[in-house]
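Encoded as structure tokens, the structure appears first; notes follow it.
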Amino acid sequence: MNKNIIIKNATVVTPLGKTPKGGDSMGDLQVIENATVIVTDGIISFVGSSVDACTPADYTYTVIDAASRVVLPGFVDSHTHLIFGGFRPDEFGWRLNGETYMEIMQRGGGIQSTVNATRSATIGELQEKGQWFIDKMSEMGVTTVEAKSGYGLDTASELKMLDVINNLAKVPNQKLNIVATFLGAHAVPTEYKGRTADYVDLLIREMIPAVKGKAEFFDIFTEKNVFEIEDSRKLLNAAKEAGFKLKLHADEIVTLGGAELAAETGAVSADHLLHVSDVGIKRMAQEGVVATLLPLTAFSLREPYAPARKFIEAGAAVALATDLNPGSCFSGSIPLTIALACIYMHMSVEETITALTLNGAAALGKANEIGTIEPGKKGDLIMLEFPNYRMLPYYVGMNCVNTTIHQGNIVYSRKTHNNPF
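Have a look at this one:
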């Protein structure tokens, strides 16, 4: 694992820059034919025409011939709940029979069911399960993932979840970058039922100080009958004062004003946004809040998709993520995310690529490090099976990734016969 690699004869397709792209600029991709990419010590040192490539001396490189293949930046899955105990297949059946997400939650299912299982799970059990998901993500080209806590809902259990996330991030030769988010405000646990104010006080007084240094972001489920606007504002301001960057689950079930609150509090991203208001869209665009849209969740819940085109037309930066979780969206499928974004959310394939790379990186505050193929950024790259990036949505729901490279190391390679394309 020497972190040095040369990819030659590639078609390189990438957005450019160190800040999120909004509006029409989301469709701007640089395409370089017959290109070479050189990664040295895990950092991209050259991108350009193969005739101009100059290999640094005194380094040993792994060389990949990418003839008839597209090379993209690694995908960034900027919203997941990949650490949890148990599974909830029965609830999936209940939803198929017409029960809503909130109805299931109110009768003791939903998040609380996973909380019970997660509290009883050991660190080792949670870590083994999390690594299994990470391995699957890597096969689909994910080189950076956000991982939330939020299935503990008490101080000890939330700390346990964050320890698992940080342990996974430190695994030698891990297959991807992991960004930790504290989501203690995911729901009001059973023991605080009817006492939301007391749980908010616990979060501010005990949990936020306890998890400081273990997560970069603070997230909250801002939703009617969960954490409404005033409690959300109070928690977000407390978290900001403690040094956390901010995220929100906003306007997922009803139009509540979560998008407006994200803009008000300076959140890095607001996520879900299925029922966002036009005012909320405008405010997010004005304040540079990334709109992280999660089409797999809308698909799984049979809900209307988030209004991607409205965000783009307002000049906002749109990111896409899977929302892998055990309840509302038990899927981490990047291929299906791409297909749904293009087919049902009316995003172009170019916008979709930007949303899953540069803008996903921006939703994690990492656009200066990852998300594009440019010198100085980390060598996180994927190579497709095909010579045309437009195959990504066209090959509906199928994995187009042949090779995943994380910081200059090949972490996944599909064994294939000679490429007939």
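Numbered according to the working numbering, the sequence shown spans residues 3 to 423.
Ideal Cβ placement from N, Cα and C applies to all residues, glycine included.
Nonlocal neighbours in the same chain, by C-beta distance under 7 Å from residue i, ignoring five residues either side
i	result
residue 138	334
residue 208	157
residue 89	328
residue 264	250, 252, 272, 286 and 291
residue 194	200 and 201
residue 365	80, 270, 271, 292, 294 and 321
residue 168	182 and 216
Member of the options whose CA lies at the smallest distance from the CA of residue i
i	options	result
residue 42	411, 415 and 94	411
residue 51	26, 44 and 40	40
residue 74	49, 202 and 54	49
residue 301	235, 269, 254 and 314	254
residue 178	35, 80, 402 and 19	80
residue 261	267, 244 and 282	282
residue 274	303, 96, 383 and 416	303
residue 26	351, 248, 98 and 192	351
residue 386	66, 298, 22 and 57	66
residue 30	105, 422 and 15	15
residue 377	280, 47, 345 and 20	47
residue 390	161, 355 and 345	355
residue 124	102, 166, 103 and 115	166
residue 128	161, 238 and 240	161
Assigned secondary structure, residue i (DSSP; H/G/I helix, E/B strand, else coil)
i	result
residue 206	helix
residue 361	helix
residue 184	strand
residue 386	strand
residue 407	strand
residue 179	strand
residue 167	helix
residue 308	coil
residue 196	coil
residue 36	strand
residue 245	coil
residue 371	coil
residue 414	strand
residue 86	coil
residue 122	helix
residue 54	helix
residue 426	Missing from the structure shown is residue 426; the chain here goes from 3 to 423 and no further.
residue 330	coil
residue 75	strand
residue 213	helix
residue 321	strand
Residues near residue i by beta carbon distance below 8 Å, same chain, minus five either side
i	result
residue 246	184, 210, 214, 217, 218, 219 and 220
residue 284	316
residue 226	255, 256 and 258
Cβ-based neighbour list, residue i, same chain, cut-off 6 Å, excluding 5 preceding and 5 following
i	result
residue 64	7
residue 363	78, 369, 372 and 373
residue 35	13
residue 244	210 and 214
residue 358	77 and 322
residue 18	32 and 374
residue 83	150 and 327
residue 393	402
residue 111	93
Whole-Å CB distance - residue i paired with residue j, under 8 Å assumed
i	j	result
residue 85	residue 163	5 Å
residue 33	residue 388	With a Cβ gap of about 14 Å, residue 33 and residue 388 do not count as contacting.
residue 190	residue 228	7 Å
residue 171	residue 223	Their Cβ separation, rounded to whole angstroms, is 24 Å, which puts residue 171 and residue 223 out of contact at 8 Å.
residue 11	residue 55	The pair is not a contact, with the Cβ atoms about 11 Å apart (cut-off 8 Å).
residue 319	residue 76	Contact doesn't hold; Cβ gap of about 18 Å is too wide.
residue 95	residue 120	Not really, about 22 Å apart at Cβ, beyond 8 Å.
residue 230	residue 414	Not confirmed; about 43 Å, so no contact.
residue 361	residue 22	5 Å
residue 336	residue 324	7 Å
Going along the chain, which unbroken runs of the alpha helix (DSSP H) with 4 or more residues stay wholly within the segment 226-291? 231-243, 260-267 and 280-289
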